[in-house]
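Take a look at the structure below.
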Amino acid sequence: EVQLVESGGTLVKPGGSLRLSCAASGFSFNIVWMNWVRQAPGKGLEWIGRIKSEGDGGTLDHAAPAKGRFTISRDDSRNTLYLQMNSLKTEDTAVYYCTTEGWEPGPFRFWGQGTVVTVSS
Amino acid sequence: DIQMTQSPSTLSASVGDRVTITCRASQSISDWLAWYQQKPGKAPKLLIYKSSTLESGVPSRFSGSGSGTEFTLTISSLQPDDFATYYCQQYSGYPKTFGQGTRVEIK
Chain A
1 EVQLVESGGT
11 LVKPGGSLRL
21 SCAASGFSFN
31 IVWMNWVRQA
41 PGKGLEWIGR
51 IKSEGDGGTL
61 DHAAPAKGRF
71 TISRDDSRNT
81 LYLQMNSLKT
91 EDTAVYYCTT
101 EGWEPGPFRF
111 WGQGTVVTVS
121 S
Chain B
1 DIQMTQSPST
11 LSASVGDRVT
21 ITCRASQSIS
31 DWLAWYQQKP
41 GKAPKLLIYK
51 SSTLESGVPS
61 RFSGSGSGTE
71 FTLTISSLQP
81 DDFATYYCQQ
91 YSGYPKTFGQ
101 GTRVEIK
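Sequence order for the protein chains is A and B. No gaps in the numbering here: position 5 of the first sequence is 5 in the numbering used here, and each next residue is one more. No gaps in the numbering here: position 92 of the second sequence is 92 in the numbering used here, and each next residue is one more.
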């Protein structure tokens with residue numbers, strides 16, 4: 001059974017940093033492209049970025065709001081995806097989900113339960 | 001960036017109704033379109049991909065169609081479990097953009 005479990009969400013002050021983790025199990029994590037998606041309170045879904053598998057070069061793509069502040073990484077030895085968030089703003093308050101994409105561009109088949117990040121003074 | 005526009009934003013319907021949601025892309029995305037269902041407090045669930053391919057385990061009352069810039073999600077006979085918010089998403093290119101969502105509520 002595929003499982004994605006996010007962690008690391010908490011209350012953080014504006015300007016602060018946070019690292020989210022996504023522990024994966026039930027599939028071959030090392031060959032799957034992974035994404036982060038967020039959802040602000042009462043709002044829609046917003047794609048943050050994607051990291052390809054190491055076999056596909058580990059290429060990163062980020063959405064504009066994340067560029068320069070957020071970095072996605074992965075540790076295939078730990079089956080874990082990360083999202084490092086720096087210079088956090090109040091508008092980064094959201095539920096953050098990790099998702100699987102497969103091994104080529106495609107839809108997001110599996111999702112974690114989400115972790116809540118609140119940016120507030 | 002490719003903009004995705006859904007209509008309507010909210011839809012009131014009764015159990016047994018046929019429901020159609022429209023999604024328009026700001027440029028052609030071929031058939032690289034997915035539909036998701038989200039219930040309050042839960043993660044989204046993939047329903048349909050490649051415009052019309054039903055994800056495994058999704059009831060056959062859900063169907064998708066379209067290509068290029070215009071797409072539809074149809075629920076042939078609305079069931080109590082279907083009251084939720086639905087999102088389209090293009091995966092033709094980056095950034096992968098979602099529609100703003102359509103909330104299906106009980107009439």
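Ideal Cβ placement from N, Cα and C applies to all residues, glycine included. None of the values given here were measured: they were computed from a predicted structure.
(request) Work out the CA separation of A:Ala64 and A:Thr10 for me, nearest whole Å. (result) 23 Å
(request) Taking C-beta pairs closer than 8 Å, name the residues in chain A that B:Gly101 reaches, listed in chain order. (result) Gly44, Leu45
(message) Rounded to the nearest angstrom, what separates B:Ser77 and B:Val15 at their Cα positions?
(response) 7 Å
(request) Can you have a look at A:Leu60 and say buried or exposed, based on whether 16 or more other CB atoms are within 10 angstroms of its CB? (result) exposed
(request) Report the rounded CA-to-CA distance for A:Gly16 versus A:Asp56, giving the unit in angstroms. (result) 32 Å
(message) On the DSSP letters alone, give me the boundaries of the beta strand (DSSP E) that B:Asp1 sits inside.
(response) No beta strand (DSSP E) contains B:Asp1, which DSSP labels as neither H nor E.
(request) Would you mind telling me which residues of chain A sit closer than 9 Å to B:Gln89, beta carbon to beta carbon, in chain order? (result) Leu45, Trp47, Pro107, Phe108
(request) Would you mind reading off the limits of the beta strand (DSSP E) that contains A:Val2? (result) Looking at the DSSP string, A:Val2 is not in any beta strand (DSSP E), and its letter there is neither H nor E.
(request) List the residues of chain A that B:Tyr94 touches, going by C-beta distances under 7 Å, in chain order. (result) Asp61
(message) Does any residue of chain B have a CB that is nearer than 8 Å to the CB of A:Tyr96?
(response) no
(message) Starting from B:Ala13, trace the beta strand (DSSP E) in both directions and tell me its first and last residue.
(response) 10-13
(request) Assign A:Asp76 to one of three DSSP states: helix, strand, or coil. (result) coil
(request) In angstroms with no decimal places, state the Cα-to-Cα distance between A:Met34 and B:Ala34. (result) 17 Å
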